[in-house]
Amino acid sequence: MPEPLSPGELLDLDRQHVWHPYGPMPGRTAPLLVESASGVRLRLAEPVEGRDELVDGMSSWWSAVHGYNHPVLNEAAHGQLERMSHVMFGGLTHEPAVRLAKRLVDITPEPLEHVFLADSGSVSVEVAVKMCLQYWRSLGKPRKQRLLTWRGGYHGDTWQPMSVCDPDGGMHELWQGVLPRQIFADAPPAGFDAAPDEAYAAQLRELIGRHAEELAAVIVEPVVQGAGGMSFHSPGYLRVLREACDAHGVLLIFDEIATGFGRTGSLFAAGHAGVTPDVMCLGKALTGGYLTLAATLCTADVADGISRGALPVLAHGPTFMGNPLAAAVAEASIELLLSQDWAQEVKRIETGLREGLAPAAEHAGVREVRVLGAIGVVQLDHEVDMAAATRAAVREGVWLRPFRDLIYTMPPYITGDDDLARICAAVCAAAREG
Ligand SMILES: *Cc1c(COP(=O)(O)O)cnc(C)c1O
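For the sequence shown, the numbering used here begins at 245 and goes up steadily by one.
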């Protein structure tokens, strides 16, 4: 056994050697050291602000929908571990990947038919883009290689995804002039329930029509834009995109990496609009937050187009493609979700968030409070003071990770009413003090 390290030693080594998301090196603010997690609680290695346990308000970035250390998911992982944790996917296949792919085809909208199992959300977006570009090449239209999206989006941190993230607000401004130049529409007008704005719909149609010759695909996050600003829009715009893409011969990609598996109240956000994209990306909650795995689904038409090319294969194949351990847990997680009245749980959380976050609207410095499904957002009229907001939440016994002007929560679906009330109190406290 290696020598145990004290919390102090671990944090020192962390600061010296370990990058964190969007972090400086060496780190400037000490992260909290988590020792274990169970249900909706993160257990800290040493108390912070008098708390040795925090209720998780983040589902580890949309992923841990069933909470931590779940007996059903643990069993799926243990069972698969005893058979094999990984084998290569070139020339070999296995039950976990086959079963998962079939399951995904069954639960996603028709006619999505084929599944590429990638290692992370960003990679699944790379694969989606590659599918679309290759499709048009195969059909003898190699000029169709640009993407169109709306502002305010987030699609991941690798190269193609970065090129369709919000070009102004995000961290990717830095790369202007280096990334492929894509086409941006204005951000969709806010409000899930707002009637679609006809002038905006016309802008979408006009841009798609004008650039059709060079457009491979339109890519958007349906209904909820996540890390780009936590905003909600009318599902009506998805129908506008579908119609305009069909009219002008452009493929449509929905990035459901954040919205998939019930978070917005519909199993997939596309369901709010009754629209099926040509390509769909899934990730985050796919394995219930246990392991890294993502999937890119496409229609038979897309796959068929690719297979008619000079290179009749999809030229992508990561080392850990179809990882059996992740696939087995993903199937168990989907089973677990569908075996319960998840829609009722998401509704219950939505109601709890609406009630619990309403008081935040009264605070000076709060611009808007909005809730959709199991997502609650308090937008400030200023950049949040991360340290103060985090401290305020921890003092309430809750883990939150605000960014920009946003304090938000997307709790695990198993969060009980008392813990939910505590999360809401923490968001309000963070909004007051951040
Ligand atoms: C998180 C996210 C991604 C990137 O997924 P990673 O697994 O972090 O690479 C892409 N698109 C959306 C909508 C996301 O929320």
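We treat Cβ as the ideally placed atom computed from N, Cα and C, and that holds for glycine.
Sequence-distant residues of the same chain with beta carbon closer than 6 Å to residue i, five excluded per side
i, result
"F333", "M565, G566"
"W403", "none"
"P405", "S366, V369, H399"
"A637", "L644, A670, A674"
"S282", "Y312, N313"
"H358", "C542, A547"
Test item: CB-CB of residue i and residue j under 8 Å
i, j, result
"L580", "H310", "yes"
"V467", "H516", "yes"
"D441", "W394", "no"
"G600", "A665", "yes"
"T540", "A372", "yes"
"A513", "T520", "no"
"M375", "V546", "yes"
"Q324", "P603", "no"
"G435", "F476", "yes"
"L391", "G549", "no"
"A320", "A576", "yes"
"G473", "C409", "no"
"A605", "G678", "no"
"G641", "L298", "yes"
"R676", "G553", "no"
Option nearest residue i by Cα separation, candidates the options
i, options, result
"A529", "F505, R552, V523", "F505"
"E627", "S280, L650, V262, G509", "L650"
"A670", "Q447, Y657, G294, W643", "W643"
"T634", "R295, P248, A608", "R295"
"S364", "E457, A502, E417", "A502"
"C525", "E612, G532, E465", "E465"
"V573", "V590, A308, P251", "A308"
"A438", "Q426, A673, E612, Y481", "Y481"
"P656", "S551, T508, A571, H261", "T508"
"G532", "V284, G472, V278", "V284"
"R449", "F436, A274, H261, H492", "H492"
"Y215", "R648, T653, T659", "The question about residue 215 has no answer here: the residues shown for the chain are numbered 245 through 678."
"L356", "W586, D522, T563", "D522"
"R327", "R387, P340, F436", "P340"
"Q469", "R614, A321, L257, G660", "R614"
"R425", "S407, A274, P433", "S407"
"I593", "V299, S250, I658, M302", "I658"
"W306", "G518, A618, E677", "A618"
"K591", "G518, L616, A554", "L616"
"G596", "I667, R454, H607, R611", "I667"
"L348", "A571, P433, R454, S551", "A571"
"L639", "P386, P479, D585, C672", "A small correction: the amino acid at residue 639 is Arg; Leu does not occupy that position in the sequence shown. For R639, the nearest C-alpha among the options comes from C672."
Closer than 7 Å: residue i CB and nearest ligand 1 heavy atom
i, result
"Y398", "yes"
"A602", "no"
"A538", "yes"
"D499", "yes"
"P291", "no"
"V369", "yes"
"E357", "no"
"P405", "yes"
"S577", "no"
"E450", "no"
"K528", "yes"
"G470", "yes"
"S475", "no"
"G283", "no"
"A570", "no"
"E465", "yes"
"G617", "no"
"A365", "One point to set straight first is that residue 365 is Gly, not Ala, in the sequence displayed. For ligand 1, at least one heavy atom lies less than 7 Å from the Cβ of G365."
"A502", "yes"
Beta-carbon contacts of residue i that lie in its chain and below 8 Å, excluding the five residues immediately before and after
i, result
"Q420", "P411"
"G561", "F333, G334"
"L254", "L277, A289"
"A559", "K374, Q378"
Residues near residue i by beta carbon distance below 7 Å, same chain, minus five either side
i, result
"L276", "L288, V292"
"V494", "I452, A456, L459, A461, V462"
"G609", "L624, D625, H626"
"L496", "A461, V462, L485, R486, C489, P521, D522"
"Q260", "P270"
Residue-chain proximity (residue i, chain B), Cβ-Cβ < 8 Å
i, result
"H516", "Here there is only one protein chain, and chain B is not present."
beta-carbon residue i near ligand 3 non-hydrogen atom, thresh 7 Å
i, result
"Y534", "You won't find ligand 3 in this model; what it holds is ligand 1."
Let me know the alpha helix (DSSP H) ranges lying completely inside the segment 615 to 646, each 4 residues or longer, listed in chain order.
-> 630 to 639
Start-end ranges of the beta strand (DSSP E) lying completely within the segment 393 to 429, minimum 3 residues | 427 to 429
Runs of alpha helix (DSSP H) wholly within the segment 331 to 394 (minimum 4 residues, chain order) | 339 to 351, 365 to 382
Which residue spans inside the segment 473 to 520 form an unbroken alpha helix (DSSP H) run of at least 4?
-> 480 to 492, 514 to 517
Pick out the complete beta strand (DSSP E) segments inside the segment 555 to 626, 3 residues or longer, and give them in chain order.
-> 610 to 616, 619 to 624
Enumerated in chain order, which unbroken segments of the alpha helix (DSSP H) with a length of 4 residues or greater are wholly contained in the segment 284 to 337?
-> 303 to 306, 315 to 327
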